[in-house]
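So the mapping is simple: the working numbering equals the position in the sequence shown, first residue as 1, plus 23.
The C-beta atom is built at its ideal place from N, Cα and C for all residues, glycine as well.
These numbers come from a predicted model, not from an experiment.
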Amino acid sequence: MTLNDIWFAAIAVLFVGYFVLEGFDFGVGVLLAYLPKDERERQVMVGTIGPVWDGNEVWLITAGGALFAAFPEWYASLFSGFYLPLLVILLALIVRGVAFEYRGKHRSKRWRRNWDRCLFWGSLVPAFLWGVVFGNIVRGVALDERHEFVGAVWGLLNPFALLGGLTTLALFVTHGAVFLALKTRGRIRRKAKDTADRAGVIAAVLVIGFLTWTQVMEGSWASILLAAGAIAAWGAGMAANFFGREGWAFLGSAAAIGAATVSLFAALYPDVLPSTVSSENSLNIENAASTPKTLQIMTWVAVVFLPLVLLYQSWTYWVFRRRIGVRNIPVGH
Numbered sequence: 024m025t026l027n028d029i030w031f032a033a034i035a036v037l038f039v040g041y042f043v044l045e046g047f048d049f050g051v052g053v054l055l056a057y058l059p060k061d062e063r064e065r066q067v068m069v070g071t072i073g074p075v076w077d078g079n080e081v082w083l084i085t086a087g088g089a090l091f092a093a094f095p096e097w098y099a100s101l102f103s104g105f106y107l108p109l110l111v112i113l114l115a116l117i118v119r120g121v122a123f124e125y126r127g128k129h130r131s132k133r134w135r136r137n138w139d140r141c142l143f144w145g146s147l148v149p150a151f152l153w154g155v156v157f158g159n160i161v162r163g164v165a166l167d168e169r170h171e172f173v174g175a176v177w178g179l180l181n182p183f184a185l186l187g188g189l190t191t192l193a194l195f196v197t198h199g200a201v202f203l204a205l206k207t208r209g210r211i212r213r214k215a216k217d218t219a220d221r222a223g224v225i226a227a228v229l230v231i232g233f234l235t236w237t238q239v240m241e242g243s244w245a246s247i248l249l250a251a252g253a254i255a256a257w258g259a260g261m262a263a264n265f266f267g268r269e270g271w272a273f274l275g276s277a278a279a280i281g282a283a284t285v286s287l288f289a290a291l292y293p294d295v296l297p298s299t300v301s302s303e304n305s306l307n308i309e310n311a312a313s314t315p316k317t318l319q320i321m322t323w324v325a326v327v328f329l330p331l332v333l334l335y336q337s338w339t340y341w342v343f344r345r346r347i348g349v350r351n352i353p354v355g356h
């Protein structure tokens with residue numbers, strides 16, 4: 024195994040961390056338009072992710088930085104060809120971050136409802152577009168001999184990528200509902216459990232369809248096993264949710280999202296961005312990588328600092344581990 028292989032696997036792990044952790048953030052944001060019956064329940068929902076959402080986004084920042092440093096050709100082709108969807112994701116995340124900070128600055132109902140709408144759209148748009156982006160990465164895009172994107176941006180909205188978008192959206196909404204059931208009390212907890220039961224069935228159908236299509240198109244033995252594991256973990260998680268075992272349900276949905284993400288990377292390997300024009304134009308872990316010296320330095324930096332980041336984030340989740348409910352929200356606050 025070379026450093027190229029190690030950093031390809033590291034980027035996969037970083038995206039697993041991002042989708043598992045930010046995934047329930049997105050789900051809670053989307054459900055904010057459906058689950059709560061009043062302002063106090065909205066504050067409960069926002070309170071479950073308020074202490075952790077910005078830390079979860081560190082995984083995306085780190086993944087982007089690692090992609091830029093370890094595979095600059097992949098980064099350049101990806102961000103030029105996917106410029107519009109990635110820009111929309113970035114803008115949605117900015118609006119979402121501002122909404123978290125500003126919704127509680129004024130007691131006006133109109134003020135808070137407007138920021139809640141920003142939270143909803145700032146969560147729904149990335150949850151859908153990340154599936155579209157990764158669907159196109161696995162499927163491949165039009166790259167010429169210089170590895171430059173020569174297709175039309177509307178070509179990214181193909182049936183396979185759109186199915187990927189619907190799949191990630193359904194997965195994250197269900198994951199968010201399971202997280203809410205784990206972290207809340209009372210009516211909002213019961214409502215979240217029921218929502219996870221229903222949304223989980225829809226997500227299961229979409230996951231099976233998307234991963235099966237992926238394996239037929241680009242599958243390997245490793246990706247097939249991982250896809251099967253993702254489907255099994257999702258089924259186990261939804262069964263646990265049905266019987267009220269919220270902790271196991273969350274572990275099941277997290278494992279399913281992680282295994283599904285790794286299965287996409289396994290189906291992609293050794294390519295990092297296939298070309299639909301000619302296989303000779305495809306980017307892979309060799310022709311897209313930085314120099315061995317750069318990868319070596321990056322490896323030592325990761326060995327030193329990654330454990331610190333993991334310890335800090337684990338400590339954050341431990342501190343804010345308890346359930347909350349409307350009784351924790353002062354009346355009229």
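Spatial neighbours of A193 in its chain, beta-carbon cut-off 7 Å, leaving aside the 5 residues before and after:
Within the same chain, A193 has close Cβ partners A222, I225, A226, L229.
Check whether the Cβ atoms of W271 and A277 lie closer than 8 Å to each other.
It is not a contact, given that the beta carbons lie outside the stated cut-off.
Can you find the residues in the same chain that come closer than 7 Å, C-beta to C-beta, to D28, ignoring five residues on each side of it along the sequence?
The beta carbon of D28 lies closer than 7 Å to those of I308 in the same chain, with the five residues before and after it left out.
Look at the alpha carbon of D220 and the alpha carbon of T190, and state the distance between them as a whole number of angstroms.
16 Å
L296 - containing alpha helix (DSSP H), residue span:
Segment 294-296 is the beta strand (DSSP E) holding L296; no alpha helix (DSSP H) there.
Cα-Cα separation, S301 to F102:
20 Å
Hey, which unbroken runs of the alpha helix (DSSP H) at 4 residues or more fall wholly within the region 245-306?
269-291
By the DSSP assignment, the alpha helix (DSSP H) with E64 in it spans what residues?
62-72
For R133 and R126, which I take to be in contact (beta-carbon distance under 8 Å), what is that distance rounded to the nearest angstrom?
About 12 Å separates the two Cβ atoms, so there is no contact after all.
In or out: V43 buried (at least 16 other Cβ within 10 Å) or exposed?
buried
Leaving aside the five residues before and after E357 along the sequence, list all residues of the same chain whose C-beta is less than 8 Å from its C-beta, in chain order.
This structure leaves residue 357 out entirely; the chain is present only between 24 and 356.
Quick check: the region 107-127 against the region 149-168, are at least 3 beta-carbon pairs closer than 8 Å?
yes
Cross-strand partners of F172 (DSSP beta bridge):
L166
What do you get for L90, buried or exposed, if any count of 16 or more other CB atoms within 10 angstroms of its CB means buried?
buried
Report yes or no: is there a C-beta of chain C within less than 8 Å of the C-beta of L113?
Of the chains in the structure shown, none is chain C; there is only one protein chain.
Assuming A35 contacts V285 under a Cβ cut-off of 8 Å, what Cβ separation, rounded to an integer in Å, is found between them?
Contact holds; Cβ gap of about 6 Å.
How many Å lie between R169 and R162 at the Cα?
19 Å
Span of the alpha helix (DSSP H) around M321
315-342
Where the alpha helix (DSSP H) containing Y41 begins and where it ends:
Counted as a single uninterrupted DSSP element, the alpha helix (DSSP H) harbouring Y41 occupies residues 26-54.
Cα-Cα separation, I247 to K128
49 Å
Hey, M321 and A86: beta-carbon distance below 8 Å or not?
no
Beta-bridge pairing of I347 - partner residues as DSSP gives them
T207
Among L116, G52, G88, T299, whose alpha-carbon lies nearest the alpha-carbon of F143?
G52
Local Cβ density within 10 Å of E45, reported as buried at 16 or more and exposed below that
buried
Taking C-beta to C-beta, are L287 and T237 nearer than 8 Å?
Yes, these two residues count as a Cβ contact at 8 Å.
Under the rule that 16 or more other beta-carbon atoms within 10 Å means buried, what is R119, buried or exposed?
buried
Under 8 Å between C-beta atoms of F233 and L296
no
Do the CB positions of F202 and F273 come within less than 8 Å of each other?
yes
What does the alpha-carbon distance come out to for the pair L147 and D294?
29 Å
Buried versus exposed, by CB contacts within 10 Å (16 or more), L334:
exposed
Assuming the contact rule is C-beta atoms closer than 8 Å, A253 and A279 should be a hit. Round their C-beta distance to whole Å, please.
5 Å
Is K60 buried or exposed, if buried means 16 or more other CB atoms sit within 10 Å of its CB?
exposed
Which residues in the same chain have their Cβ closer than 7 Å to the Cβ of T299, if we skip the five residues on either side of it in sequence?
The residues G163, V164, A165, in chain order, have a CB closer than 7 Å to that of T299 in the same chain once the five nearest residues on each side in sequence are set aside.
Which residue comes first and which comes last in the alpha helix (DSSP H) that contains V75?
V75 -> no alpha helix (DSSP H), and no H or E assigned at all.
What distance in whole Å lies between the Cβ atoms of G145 and A122, which are believed to be in contact at a cut-off of 8 Å?
6 Å
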